[in-house]
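484 is the number that my numbering gives to position 130 of the sequence shown; each next residue is one higher, with no gaps. Just below is one structure, and these are the notes that go with it.
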Amino acid sequence: MRKQVYSLLVDNNPGVLSRIAGLFSRRGYSIDSITAGTTADPRFTRITVVATGDELILSQIEKQVRKLEDVREIKLLNDGESVYRELIMVKVRANAAQRAEVISLADIFRAKIVDVEKECIMIELTGNQSKLEAFLNLLDGYEILELARTGITALSRGIEDVTFF
Numbered sequence: 355m356r357k358q359v360y361s362l363l364v365d366n367n368p369g370v371l372s373r374i375a376g377l378f379s380r381r382g383y384s385i386d387s388i389t390a391g392t393t394a395d396p397r398f399t400r401i402t403v404v405a406t407g408d409e410l411i412l413s414q415i416e417k418q419v420r421k422l423e424d425v426r427e428i429k430l431l432n433d434g435e436s437v438y439r440e441l442i443m444v445k446v447r448a449n450a451a452q453r454a455e456v457i458s459l460a461d462i463f464r465a466k467i468v469d470v471e472k473e474c475i476m477i478e479l480t481g482n483q484s485k486l487e488a489f490l491n492l493l494d495g496y497e498i499l500e501l502a503r504t505g506i507t508a509l510s511r512g513i514e515d516v517t518f519f
C-alpha cells in the first residue's frame, strides 16, 4: 500500500467535484484528502486528490479519473518532484500563564496566531505533513479544543509539464 497524489485540472463546471468524489465512492476507492480551487484562469479548477492503495488500485484510479468528461489533465505528483502543502488551524486551551509557551512553540514553526481569547489561542500553520505532525506532537501537553485541516494541495516543480489551454 502506498499513497499517491493526483493533480487534476478540470473544467470549472457545477458538480465537477461531486462527480470526481462519486467515482471514488462507486468504485470503493478511499480518498485520504481532496482539495479544490479555481486556477488563475477561472474556466478551470485544480483538484488535488490523495489516495492510498496497491499499484493496481492506484492505476485504476488514474484510468477512471482520466475518462471523466470534465478532466482536462491528470498528473501523478511524486516526492522530490512536487511541492505539497497543508494548512491547519488549531484552537488550544491556554490560560495567561500557558499563553507565552504556546506562542513560543508557534514562533518556532513560523505559525501565525490568528485569535487570542481569555482561555484559548488559535494558531494557523502551513507546511508539509511532517511539519504539521511535529507541531501537533509538541502540543501534546496542551488541550486541543478544535482542529481543522485542509488536506494536501500540491503542484509539480518547474515548468516542463505546465499545460496551457
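From the three backbone atoms N, C-alpha and C, an ideal C-beta is built for every residue, glycine too.
On the three-state DSSP scale, how would you describe residue i?
| i | result |
| --- | --- |
| E409 | helix |
| G376 | helix |
| I462 | helix |
| L509 | strand |
| G391 | strand |
| G495 | helix |
| A448 | coil |
| S361 | strand |
| S484 | helix |
| R397 | coil |
| V425 | strand |
| S416 | First, the residue type needs correcting, since residue 416 is Glu and not Ser in the sequence shown. In the structure shown, E416 sits in a helix (DSSP, three-state: H, G or I). |
| E455 | helix |
At least one CB of chain B closer than 8 Å to the CB of residue i: is that the case?
| i | result |
| --- | --- |
| P368 | Protein chains in the displayed structure number just one, and chain B is not present. |
Go ahead and label residue i buried or exposed: buried means 16 or more other beta carbons lie within 10 angstroms of its beta carbon, across all protein chains shown.
| i | result |
| --- | --- |
| V364 | buried |
| T393 | exposed |
| E497 | exposed |
| A448 | buried |
| I401 | buried |
| A451 | exposed |
| I462 | exposed |
| V470 | exposed |
| V468 | exposed |
Could you tell me the distance, in whole angstroms, from the CA atom of residue i to the CA atom of residue j?
| i | j | result |
| --- | --- | --- |
| F489 | K466 | 13 Å |
| R397 | A508 | 19 Å |
| G382 | G434 | 29 Å |
| N432 | A454 | 39 Å |
| V370 | T389 | 12 Å |
| I411 | L422 | 17 Å |
| N366 | R503 | 24 Å |
| D395 | D494 | 42 Å |
| Q414 | V437 | 24 Å |
| K445 | L479 | 12 Å |
Please look up how many angstroms separate the CB atoms of residue i and residue j, rounded, as I've assumed it's under 8 Å.
| i | j | result |
| --- | --- | --- |
| Q418 | L377 | 6 Å |
| L441 | Q358 | Their Cβ separation, rounded to whole angstroms, is 21 Å, which puts L441 and Q358 out of contact at 8 Å. |
| L459 | L499 | Contact flag wrong, Cβ pair sits at about 16 Å. |
| I506 | V404 | 5 Å |
Evaluate the contact criterion for the segment 476-483 versus the segment 510-517: three or more CB pairs, one atom per stretch, below 8 Å.
-> no
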